[in-house]
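Here our numbering runs 2 ahead of the position in the sequence shown, where the first position is 1. Just below is one structure, and these are the notes that go with it.
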Amino acid sequence: MTFQPEAQANKSLFFRRWLRNPLQMGSIIPSSQALCRKIASVVERGRDEYVLELGAGTGVISRALLAAGVPANKLIVVEIVPEMAQFLRESLPGVNVICGDAFDLKNTLPASMHHRIGTAICGIPLVLLPFERQEAFRDAVEAVAPGKGYLLYTYCATSPLPYRKLRMTGRRLAFTLANFPPASVWRYRPMDRP
Numbered sequence: 003m004t005f006q007p008e009a010q011a012n013k014s015l016f017f018r019r020w021l022r023n024p025l026q027m028g029s030i031i032p033s034s035q036a037l038c039r040k041i042a043s044v045v046e047r048g049r050d051e052y053v054l055e056l057g058a059g060t061g062v063i064s065r066a067l068l069a070a071g072v073p074a075n076k077l078i079v080v081e082i083v084p085e086m087a088q089f090l091r092e093s094l095p096g097v098n099v100i101c102g103d104a105f106d107l108k109n110t111l112p113a114s115m116h117h118r119i120g121t122a123i124c125g126i127p128l129v130l131l132p133f134e135r136q137e138a139f140r141d142a143v144e145a146v147a148p149g150k151g152y153l154l155y156t157y158c159a160t161s162p163l164p165y166r167k168l169r170m171t172g173r174r175l176a177f178t179l180a181n182f183p184p185a186s187v188w189r190y191r192p193m194d195r196p
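Printed below as a string of structure tokens:
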């Protein structure tokens, strides 16, 4: 077995961040490679569109997106924790890393990126948040990616969000047992969209 210092640093940084604020992190360890590949496989992106990852942690999903062919300059990573954002800047050259609030994307993202998002991916544990915050997240994504909705990976057996109440459609696209805990990938879109 070979020692991978970057992988160990990822886990250590992730766990330290979880200890500081468990409700801001969905898990005590980063997502598995199997889950990352599942997420990357359902990303939709036109040639000139960006992929937006919200709550990127230490970047394991970001790396899977790059490996799946998303160009670094077309990947936007938003991370609210400055220490983690700095880690992402150093470990993901060429990626647009923004230290900011996923609940205020209109002001967090440069205007030139608005309306140019193919897929938004949520790594924030929305299931733990009150309904009003779930609505605020929906509205934040809609402000910069109208009609696109977002992908959410979750450890819930059923939809973690009351999507009808949020006036969205919800569909589970993928599931893997090869994650701790087992995880699903859901796509949520505004109800008046396909």
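For every residue, glycine included, the Cβ atom is placed at its ideal position computed from N, Cα and C.
Spatial neighbours of residue i within its chain, please: CB distance less than 7 angstroms, with the 5 preceding and 5 following residues excluded, ordered by chain position.
i	result
Glu46	Gly120, Thr121
Gly264	Here the chain comprises residues numbered 3 to 196, so residue 264 is not present and cannot be evaluated.
Gln136	Leu128, Leu163, Leu168
Met193	Arg169, Met170, Thr171
Ala36	Thr178, Ala180, Asn181
Note the first and the last residue of the continuous alpha helix (DSSP H) segment covering residue i.
i	result
Arg39	35–43
Val62	62–69
Can you pull the DSSP bridge partners for residue i?
i	result
Glu81	Cys101
Hey, could you find the ends of the beta strand (DSSP E) residue i is sitting in?
i	result
Arg191	185–192
Leu54	52–56
Among residues of its own chain, excluding the 5 on either side of residue i, which ones have a beta-carbon nearer than 8 angstroms to its beta-carbon?
i	result
Ile82	Gln26, Gly57, Cys101, Gly102, Asp103, Ala104
Ser64	Glu55, Ala58, Leu77, Val79, Leu90, Leu94, Val97
Leu68	Ala74, Leu77, Leu94, Val97
Glu92	none
Cys158	Val129, Ser186
So, is residue i buried or exposed, given that buried needs 16 or more other C-beta atoms within 10 angstroms?
i	result
Ile43	The residue asked about is misnamed: residue 43 is Ser in this sequence, not Ile. Exposed, because fewer than 16 other Cβ atoms sit within 10 Å of the Cβ of Ser43.
Leu107	buried
Arg166	exposed
Gly61	buried
Pro32	buried
Asn181	buried
Gln139	First, the amino acid is wrong: residue 139 is Phe here, not Gln. Looking at its Cβ environment, which holds 16 or more other Cβ atoms inside 10 Å, Phe139 is buried.
Arg189	buried
Thr156	buried
Ile30	Reliability of the predicted coordinates at Ile30 is poor, the pLDDT of 45 falling under 50, and the value obtained from them is presented with this limitation in mind. When all chains shown are included, Ile30 counts as exposed.
Pro24	Residue confidence for Pro24 is low, a pLDDT of 48 falling below 50, so the modelled location carries little weight; the figure read from the coordinates is stated next. It is exposed - the Cβ of Pro24 has fewer than 16 other Cβ atoms within 10 Å.
Gly48	exposed
Residues in the same chain with beta-carbon distance under 6 angstroms from residue i, minus the five sequence neighbours each way, listed in chain order, please.
i	result
Leu111	Val146
Ala70	Ala42
Lys40	Ala176, Thr178, Val187
Leu131	none
His116	Val146
Ser34	Ala180, Asn181
Val72	Val53
Whole runs of the beta strand (DSSP E) within the region 98–183, excluding any shorter than 3 residues | Complete beta strand (DSSP E) runs here, min 3: 98–101, 119–124, 152–156, 170–178.
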